[in-house]
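Just so you know, we're using this note's numbering here: the sequence shown kicks off at 1 and counts up by one. C-beta: ideal position from N, C-alpha, C; glycine also. Computed from a predicted structure; not experimentally measured. Worksheet for the structure shown next.
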Amino acid sequence: MFARLFGRQGTTTAAAVATATPVARRADALLRRLEWTVLRRLDGLLQGDHRTLMRGSGLDLADLREYQHHDDVRHIDWNVTARLQQPHVRVFTEDREMAAWFLLDLSPSVDFGSGEQRKSQVLLDFTAVLARLIGRHGNRVGTVLYGSRGQPVVDAVLPARGGRTQVLRLMQMVLQPPPAKADAGRKDGVTQLADLLRAAVHTVRQRATLFVVSDFISEPGWEKPLGELARRHDVVAVRLLDPLELDLPDLGLIPIRDAETGEQLMVDTHDAGFRQRFARIAAQREAQLRESLGRAGVDTLELSTDDDLAEAVLRFIDLRKRRLRESRNGLNGRHVPTQLPTRDRRSLVTPREGARP
Numbered sequence: 001m002f003a004r005l006f007g008r009q010g011t012t013t014a015a016a017v018a019t020a021t022p023v024a025r026r027a028d029a030l031l032r033r034l035e036w037t038v039l040r041r042l043d044g045l046l047q048g049d050h051r052t053l054m055r056g057s058g059l060d061l062a063d064l065r066e067y068q069h070h071d072d073v074r075h076i077d078w079n080v081t082a083r084l085q086q087p088h089v090r091v092f093t094e095d096r097e098m099a100a101w102f103l104l105d106l107s108p109s110v111d112f113g114s115g116e117q118r119k120s121q122v123l124l125d126f127t128a129v130l131a132r133l134i135g136r137h138g139n140r141v142g143t144v145l146y147g148s149r150g151q152p153v154v155d156a157v158l159p160a161r162g163g164r165t166q167v168l169r170l171m172q173m174v175l176q177p178p179p180a181k182a183d184a185g186r187k188d189g190v191t192q193l194a195d196l197l198r199a200a201v202h203t204v205r206q207r208a209t210l211f212v213v214s215d216f217i218s219e220p221g222w223e224k225p226l227g228e229l230a231r232r233h234d235v236v237a238v239r240l241l242d243p244l245e246l247d248l249p250d251l252g253l254i255p256i257r258d259a260e261t262g263e264q265l266m267v268d269t270h271d272a273g274f275r276q277r278f279a280r281i282a283a284q285r286e287a288q289l290r291e292s293l294g295r296a297g298v299d300t301l302e303l304s305t306d307d308d309l310a311e312a313v314l315r316f317i318d319l320r321k322r323r324l325r326e327s328r329n330g331l332n333g334r335h336v337p338t339q340l341p342t343r344d345r346r347s348l349v350t351p352r353e354g355a356r357p
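Here it is, written out as C-alpha cells:
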C-alpha cells in the first residue's frame, strides 16, 4: 500500500514539474537557492526575532502612553486625555497573524545595474526572502505590481494568502516577461509612483504591514498617498539604488539613456567638473528623498545592488526591534537617520520621523 501511495505521489510531482512553465521552474529554482543560501543562514541568526518583522494591532489592551507624532488618532483614550490634560493612546497586545503586502515598482529605471546585479534582481530576492520568512509563521502575503507588463500603470494584484505556493505565485508574476508588443505600445512619460500607492489605499483595507519596494525615481506627488498609507498601516519604504547613480567614474565619452523616456545623451565623464556636478545633484536628491520619507512617517531600508541580502535583512530586523522598543516605552524625539560610514554606503537604515536612535 505504501509503495502504491509513494509511487502515486512521485508520479504526480514529476508530472507537475514536467508541465510547469519556464517562468514557474525559474521561480522555484530561485526560491530554492534563496532558501539554501539566505534563509538557512538567517534561521541560525534570528533566534525568534522573526516576530519583529511585522507589528500587529490586537484587541487586548496592554498599556497607555503619551501620544506621539504619527500615532493612530483612533487609539486615543479620550477619558484619560481629559483627566491628565495630555493626549494618551491605548497600546494593544500585538496579533501574531497579519497580512504583509509588497507594493513593487517594476518600472524601467528599476531594471538597471552597473555590476553583477540589477535593482530588479535585488527587488525579487528581497521580496522572496521576506515573503518566505513572514509566510512560514502563519502570516499571509500579497502584492500589487506597477509596470510589470511594460506600461506605467498598476497592472496586477495578488490577494494575500499564506504558504510557499503563494510566494512562488508572487515570484512568477514578477518574473513574467512583458508582452512583446509592450515596448511598441508603451505610454510616454515617467513613473507615477503615486498611482501604485493610491491603488494600495483602495486594495489593502485591513491594517497590514506594507513594503514599498522602489527606487523612488518618479514624478512628484507620491508623498501624500504614502503618508495616508502610513497613518493606517505599518509601512516600510525599501529604496533600491546602484552605486553608479550616486557617483560617476571616469569612463571617458559614453552614451547615457533615460530608461523612463528613452532619451539618449552623450556625456564626457572624463570632465571632472561634470562628475562633481553629477555627484552634487545626486546628493541633493538623496537628502530630499530621505526628508520626504521621514515626513511621511515610514521606516526606510536602502538596498544597493552590491549588498549582502542576509546582512540587509538582519539590519532591517534590528531596526524593527528598535522601533518596537520605542513604541512600548513611549519614546519621542527628533528624526535622526542611522547609516553606515560614508566609505561604505550599503544598506542604509533610517528610522521613521519621530524616532530616537
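With distances taken from CA atoms, which of W78, L210, P178 and L309 is nearest S148?
Mapped onto the sequence shown, residue 148 falls at position 148. The candidate whose alpha carbon is nearest that of S148 is P178.
Considering only the alpha carbon of each residue, which of L229, D215 and W101 lies closest to Q192?
Translated into the one-based positions of the sequence shown, residue 192 becomes position 192. When each option's Cα is compared against that of Q192, the closest is D215.
Is G135 helix, strand or coil when you go by DSSP?
Walking along the sequence shown from the start, residue 135 turns up at place 135. Looking at G135 - three-state DSSP - the assignment turns out to be helix.
Going by the DSSP bridge assignment, what does W101 pair with across the sheet?
As a first step, residue 101 is located in the sequence shown; it is residue number 101 there, counting from the start. G142 and L210, per the DSSP bridge assignment.
May I ask you to verify whether the segment 111-127 touches the segment 300-311, counting CB pairs closer than 8 Å and requiring at least 3?
yes
Please state the DSSP three-state secondary structure of R169.
The residue labelled residue 169 in the question sits at position 169 within the sequence shown. Helix.
Please classify S114 as buried or exposed, where buried requires at least 16 neighbouring CB atoms within 10 angstroms.
Locating residue 114 in the sequence shown gives position 114, where the first residue counts as 1. Per the 10 Å Cβ criterion, exposed.
Suppose you measure from the CA of A20 to the CA of E35; what does that come to, to the nearest Å?
Position 20 of the sequence shown, counted from the first residue, corresponds to residue 20. Position 35 of the sequence shown, counted from the first residue, corresponds to residue 35. If you take the alpha carbons of A20 and E35, they lie about 20 Å apart.
Contacts around A99, its chain only, beta-carbon distance under 6 Å, and the 5 residues preceding and following it disregarded
In the sequence shown, residue 99 corresponds to position 99, counting from 1. Same-chain partners within the cutoff: R140, A160 and A208.
Residue closest to A272, alpha-carbon to alpha-carbon, out of L210, I217 and P249:
Taking the first residue of the sequence shown as 1, we reach residue 272 at position 272. The residue with the shortest Cα to Cα distance from A272 is P249.
Which residues bound the beta strand (DSSP E) around R257?
Here residue 257 is taken as the residue at index 257 of the sequence shown, counted from 1. Segment L253 to R257, the beta strand (DSSP E) holding R257.
Distance CB(W101)-CB(A237) smaller than 8 Å
Taking the sequence shown and counting its residues from 1, one reaches residue 101 at position 101. Taking the sequence shown and counting its residues from 1, one reaches residue 237 at position 237. No, they are not a contact pair.
Shortest alpha-carbon distance to L246 belongs to which of V313, A279 and Q85?
As a first step, residue 246 must be located in the sequence shown, where it is residue number 246. Nearest option by C-alpha distance: A279.
Going along the chain, which unbroken runs of the alpha helix (DSSP H) with 4 or more residues stay wholly within the segment 268-334?
272-296 and 309-329
Opposite L240 in the DSSP bridges: which residues?
Locating residue 240 in the sequence shown gives position 240, where the first residue counts as 1. Partner(s): L303.
Whose C-beta lies closer than 8 Å to the C-beta of R205 among residues of the same chain, with five residues either side of it excluded?
The count along the sequence shown starts at 1 and reaches residue 205 at position 205. No residues qualify anywhere along the chain.
Under the rule that 16 or more other beta-carbon atoms within 10 Å means buried, what is Q85, buried or exposed?
The residue you call residue 85 lines up with position 85 of the sequence shown. Looking at its Cβ environment, which holds fewer than 16 other Cβ atoms inside 10 Å, Q85 is exposed.
Distance between beta carbons of L30 and R173, contact taken as under 8 Å
Taking the first residue of the sequence shown as position 1, residue 173 is located at position 173. Taking the first residue of the sequence shown as position 1, residue 30 is located at position 30. Residue 173 is actually Met in this sequence, not Arg. M173 to L30, Cβ: 13 Å. No contact.
Those residues which DSSP pairs with V157 across a bridge
Taking the first residue of the sequence shown as position 1, residue 157 is located at position 157. Partner(s): V144.
Extent of the continuous alpha helix (DSSP H) to which V80 belongs:
As a working note, residue 80 is residue 80 in the sequence shown. From DSSP, the alpha helix (DSSP H) with V80 extends over W78 to L84.
Among A259, S292 and L265, which residue has its Cα nearest to the Cα of K224?
Residue 224 sits at position 224 when you count from the first residue of the sequence shown. For the residues A259, S292 and L265, the minimum Cα distance to K224 belongs to S292.
Which two residues bound the contiguous alpha helix (DSSP H) that contains H202?
If you number the sequence shown from 1, residue 202 lands on position 202. Run containing H202: L193 to T203, per the alpha helix (DSSP H) assignment.
Helix, strand or coil: which one does DSSP assign to V336?
For the purposes of this step, residue 336 is taken as the residue at position 336 of the sequence shown. In this prediction, V336 has a pLDDT of 37, which is less than 50 and means its spatial position is unreliable; nothing more can be read from the coordinates.
DSSP bridge partner residues for H88 (one or two, in chain order)
As a first step, residue 88 is located in the sequence shown; it is residue number 88 there, counting from the start. According to DSSP, H88 bridges with E66.
What separation, rounded to the nearest whole angstrom, lies between the Cα atoms of L309 and F126?
For the purposes of this step, residue 309 is identified with residue 309 of the sequence shown, where counting begins at 1. For the purposes of this step, residue 126 is identified with residue 126 of the sequence shown, where counting begins at 1. Straight-line Cα distance between these residues: approximately 7 Å.
If you count every other CB in all the chains shown that lies within 10 Å of the CB of V73, and 16 or more means buried, which is it?
By one-based count along the sequence shown, residue 73 stands at place 73. So V73 counts as exposed.
Start and end residues, alpha helix (DSSP H) containing E223:
As a working mapping, residue 223 is identified with position 223 in the sequence shown. Per DSSP, E223 belongs to the alpha helix (DSSP H) from E223 to R232.
Name the one or two DSSP bridge partners that Q121 has.
In the sequence shown, counting from the first residue as 1, residue 121 sits at position 121. None; Q121 has no bridge partner.
Kindly identify the DSSP beta-bridge partner or partners of V361.
No answer is possible for residue 361: the residues shown for the chain start at 1 and end at 357.
State the Cα-Cα distance for the pair L253 and L241, rounded to the nearest angstrom.
Locating residue 253 in the sequence shown gives position 253, where the first residue counts as 1. Locating residue 241 in the sequence shown gives position 241, where the first residue counts as 1. Computed Cα separation, rounded: 23 Å.
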